[in-house]
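Visitor: Here's a structure for you.
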């Protein structure tokens, strides 16, 4: 596909060439009204040659795409994916949260698809949940609905073991998908804190007033609560709205990030 950088519209009648590393034209063609050109056979024209780049030319405009300059390292990315499903079923399991506390309810949903990525007719399935010791915590039988989905509301007793749990969906005793979630003892947020300044920008020498407001999520305001504050000073790039092409930084001045201790105070009655 060839598109204009100015308007993003397709560019028809653009000459496209596949060029080898020894400057030989291996394939050539022109784009259609949609800015598209297709080469049906590339094995025979490229036999014995190493494709080096694709060029696009129309009038005085010229652009090219060099293959070895556009490679992206996939080292840090999961690019393996799932194997192609030749038979059986594939399931995607998700939960409303990734972590729960003992005594709560975990809501799990599984979506089943066949080899054609379509929901199967209603089929019997088993949701198997394993505890942190990989022992069966529970098995729950159900049938998929018209969308190929099932829902499980899993009650977690107060005495339940904490750690990593695994939910597996079995179709005809074959695992179709799995999900890992955690059960941990944790305390939810009990205090909501807002912090701000009257103005967004200050000049050197100005006094900055920092306002802190704290509220108990359950109960009265957080009056008398101890508050410790710090301030991090970091560099930022200044861009003037009317002078975006100008540079206002001095590269010869080096500024290191600093952390200032603002001290300790107590919140008032409000």
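Numbering (the numbering used here), first residue to last: 550 to 819. C-beta: ideal position from N, C-alpha, C; glycine also. What you are looking at is a predicted structure, and each value in this text was computed from that prediction instead of being measured.
At what residues does the beta strand (DSSP E) containing residue 622 begin and finish?
Guide: Unbroken run through residue 622: none, as it is neither H nor E.
Visitor: Helix, strand or coil for residue 649, going by three-state DSSP, please let me know.
Guide: Of the three classes helix, strand and coil, the one that applies to residue 649 here is strand, per DSSP.
Visitor: Does residue 674 pass the burial test, meaning 16 or more other C-beta atoms within 10 Å, or should it be called exposed?
Guide: It counts as buried.
Visitor: May I have a chain-ordered list of the beta strand (DSSP E) segments no shorter than 3 residues that lie completely inside the region 551-610?
Guide: You should have 564-569, 574-579, 600-607.
Visitor: Only counting the same chain, and skipping five residues up and downstream in sequence, which positions put a Cβ closer than 6 Å to that of residue 797?
Guide: Excluding sequence neighbours, residue 797 sits near 787.
Visitor: When burial is assigned at 16 or more other CB atoms within 10 Å of the CB, is residue 716 buried or exposed?
Guide: Buried is the call here.
Visitor: Decide if the region 611-620 is in contact with the region 686-705; the criterion is three or more beta carbon pairs, one per stretch, under 8 Å apart.
Guide: No: fewer than three Cβ pairs fall under 8 Å.
Visitor: What is the residue span of the beta strand (DSSP E) that residue 689 lies within?
Guide: Element bounds for residue 689: 685-692.
Visitor: In three-state DSSP terms, what is residue 702?
Guide: It is a strand residue.
Visitor: Do residue 585 and residue 576 have their C-beta atoms closer together than 8 Å?
Guide: No.
Visitor: Which stretch, first to last residue, makes up the beta strand (DSSP E) that contains residue 639?
Guide: First-last of the beta strand (DSSP E) with residue 639: 639-644.
Visitor: Determine the DSSP secondary structure at residue 778, reduced to helix, strand or coil.
Guide: Residue 778 falls in the strand class under three-state DSSP.
Visitor: For residue 764, which beta-bridge partners are listed by DSSP?
Guide: Answer is 741, 770, bridged to residue 764.
Visitor: Tell me whether residue 613 sits in a helix, a strand or coil according to DSSP, three-state version.
Guide: Three-state result, residue 613: strand.
Visitor: Quick check on the burial criterion: 16 or more other C-beta atoms within 10 angstroms. Buried or exposed for residue 649?
Guide: Answer is buried; the Cβ neighbour count reaches 16.
Visitor: Identify which residue in 550, 628, 720, 662 has its Cα closest to the Cα of residue 580.
Guide: The candidate whose alpha carbon is nearest that of residue 580 is 550.
Visitor: Compute the beta-carbon to beta-carbon distance between residue 813 and residue 772, rounded to the nearest angstrom, for a pair I have assumed lies under 8 Å.
Guide: With 8 Å as the limit, residue 813 and residue 772 do not qualify as a contact, their Cβ atoms being about 16 Å apart.
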